[in-house]
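Heads up: the sequence shown runs through residues 18 to 283, numbered per my numbering. A virtual CB, placed ideally from N, CA and C, is assigned to each residue, including glycine.
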Amino acid sequence: MLRDITLGQYYSGESWIHRLDPRVKIIATLLFIVEIFIINSFEGFATAFGALIIVIAASKVPLRFIMRGLKPIFLIILFTFIVNLFIVDGEILVKIWIFTITKEGLYRAVFMAVRLILLIIGSSLLTLCTKPMSLTDGLESLMKPFKIIGVPAHELAMMMTIALRFIPTLIEETDKIMKAQQARGADFETGNIFRRAKHLIPILVPLFISAFRIAQDMAMAMEARCYHGGDNRTKMNGMKFAKRDAFAALLMLLFLAVIILGRVFL
């Protein structure tokens with residue numbers, strides 16, 4: 018299951034989506050998240066899902082690879098569904114003991130689960146179609162205007178990108194630790210959820226040690242290369258706003274207009 022986590026991974030490709038300016042993709046992702054929270058009907062979700070399918074097809078990232086990223090958070094989606102199913106009052110459909118399922122609760126539960134799924138898929142596309150260094154450059158460029166109020170744009174962009182970049186590394190390290198402990202007789206599969214959680218505690222200590230070791234190695238490598246922040250640093254491949262980026266920005270604004278109009282008139 019650990020290898021099913023796709024957040025932070027980059028899927029190599031030469032598609033139209035891969036070649037877009039990272040700033041356009043970051044803004045598009047943020048707007049998509051806002052639009053998902055604006056939507057108040059399943060018709061709006063169907064529109065957002067259709068737009069996602071078009072983007073996935075254009076990115077040439079396998080849909081199976083993207084959907085695999087939903088497996089690790091299945092329990093979160095299920096928990097959200099169950100909580101909304103039982104806490105909303107309304108027209109009673111089923112009543113079992115102290116548990117009551119209402120028509121409004123069922124609607125809200127499905128609504129929130131779909132919203133969460135769309136958020137995860139839409140957010141994961143950003144890292145799947147953007148190289149870590151391009152993501153850093155894009156974030157830094159977008160945060161540059163805030164430097165006038167003392168915001169360290171380069172440092173923040175670097176920290177966020179490193180955090181995303183090392184998610185797959187830490188997942189791989191966790192997988193190695195679990196396999197090593199399973200070879201010594203550890204059991205992570207049997208028992209109830211509390212027993213499984215208790216068995217995972219011995220994994221945390223070696224994982225933290227490994228994470229600190231990786232961080233120390235990276236710090237030493239950056240010091241050896243005389244890294245001193247973003248001031249006066251040059252880039253081998255500069256970002257250029259091309260016609261395809263303008264076209265993508267136009268599509269993004271049109272989609273936002275469709276979502277807002279749908280919210281107003283539906």
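Quiz item: Can you tell me the Cα-Cα spacing of Ser29 and Cys146, whole angstroms?
Solution: For the purposes of this step, residue 29 is taken as the residue at position 12 of the sequence shown. For the purposes of this step, residue 146 is taken as the residue at position 129 of the sequence shown. Their backbone Cα atoms lie some 7 Å apart in a straight line.
Exercise. Pick helix, strand or coil for Met18, following the three-state DSSP scheme.
Key: By 1-based counting over the sequence shown, the position of residue 18 is 1. Residue placement at Met18 cannot be trusted, given a pLDDT of 49 that sits under 50; the coordinates are not used to answer.
Self-check item: Outcome for Thr186 when other beta-carbon atoms lying within 10 angstroms are tallied against a minimum of 16
Solution: Translated into positions along the sequence shown, residue 186 becomes position 169. With fewer than 16 other Cβ atoms from the protein chains shown falling within 10 Å of its own Cβ, Thr186 counts as exposed.
Quiz item: In its own chain, which residues sit with a C-beta less than 6 Å from the C-beta of Leu101, not counting the 5 before and 5 after it?
Solution: For the purposes of this step, residue 101 is identified with residue 84 of the sequence shown, where counting begins at 1. Correcting the residue identity first, residue 101 is Asn in this sequence and not Leu. Arg125, Ala126 and Met129, listed in sequence order.
Quiz item: Beta-carbon separation of Ala75 and Trp114 under 7 Å?
Solution: Stepping through the sequence shown from its first residue, residue 75 is reached at position 58. Stepping through the sequence shown from its first residue, residue 114 is reached at position 97. No, they are not a contact pair.
Practice problem: Look at the Cβ atom of Thr46, then the Cβ atom of Leu143, and state whether they are nearer than 7 Å. | Solution: Within the sequence shown, the letter at position 29 stands for residue 46. Within the sequence shown, the letter at position 126 stands for residue 143. Yes, the Cβ-Cβ distance between Thr46 and Leu143 is below 7 Å.
Quiz item: Leaving out five residues before and five after Met269 in sequence, what residues of the same chain have Cβ atoms less than 8 Å from its Cβ?
Solution: By 1-based counting over the sequence shown, the position of residue 269 is 252. Same-chain partners within the cutoff: Val41, Ile44, Ala45 and Leu48.
Quiz prompt | Coarse secondary structure for Ile113, derived from DSSP in three states | solution = By 1-based counting over the sequence shown, the position of residue 113 is 96. Reduced to three states, the DSSP call for Ile113 is strand.
Self-check item: Beta-bridge pairing of Thr119 - partner residues as DSSP gives them
Solution: Your numbering for residue 119 matches position 102 in the sequence shown. As a beta-bridge residue in DSSP terms, Thr119 pairs with Ile109.
Quiz item: What residues in its chain sit with their C-beta under 6 Å from that of Ala263, if we drop five residues either side in the sequence?
Solution: Against the sequence shown, residue 263 aligns to sequence position 246. There are no such residues.
Quiz item: Nearest CA to the CA of His216: which residue from Met195, Ile277, Arg132 and Ile188?
Solution: For the purposes of this step, residue 216 is taken as the residue at position 199 of the sequence shown. His216 has its Cα closest to that of Met195, out of Met195, Ile277, Arg132 and Ile188.
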